[in-house]
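Novice: So that we are looking at the same thing, I have put the structure below in C-alpha cells.
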Amino acid sequence: MILIKTLFYYFLALLAIFFVGRVVLFSLYFERFAQSDVNYWLSFLYGLKMDVIIACASLIIPVILLCLSPRKIRIYTDDQ
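Numbering of the sequence shown is given in numbering that gives the first Met the number 0, commencing with residue 0 and proceeding in unit increments.
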C-alpha cells in the first residue's frame with residue numbers, strides 16, 4: 000500500500016510540474032493569447048488531459064515492474 004501511495008504522489012507531482020510549466024508559458028506569451036479568440040480555461044483543461052496521459056505513460060514502467068517482481072518488493076508493500 001505504501002508503494003501505491005508513493006506512485007500516486009509521483010503522479011500528482013508530475014501534474015503539478017506540468018501545470019506550473021503551462022502557467023509560466025501562458026504568462027510569457029500572454030500577449031499572443033490576448034490577441035486570439037481562445038478560451039484560456041478550456042486550453043488548460045485540454046492541457047490537463049494531456050498531462051494525465053504523459054504522467055500515466057511515464058509511470059507505467061514502474062507499475063509493470065511491480066507486477067512482475069512481487070517478492071522483491073514485498074518489504075515495501077507490507078502494512079506491518
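We put the beta carbon where it would ideally sit given N, CA and C, even for glycine.
Taking the Cβ atom as the reference point for each residue, do residue 10 and residue 56 lie within a distance shorter than 8 Å?
Specialist: No, the pair does not count as a contact, with Cβ atoms beyond the cut-off.
Novice: DSSP three-state call for residue 26: helix, strand or coil?
Specialist: Three-state DSSP puts residue 26 in a helix.
Novice: How many Å lie between residue 48 and residue 36 at the Cα?
Specialist: Cα to Cα, residue 48 sits roughly 21 Å from residue 36.
Novice: Do residue 6 and residue 44 have their C-beta atoms within less than 8 Å of each other?
Specialist: Result no, Cβ atoms of residue 6 and residue 44 do not sit closer than 8 Å.
Novice: Is the separation between the beta-carbon of residue 65 and that of residue 2 shorter than 8 Å?
Specialist: Yes; because the gap between Cβ atoms is below 8 Å, this pair is in contact.
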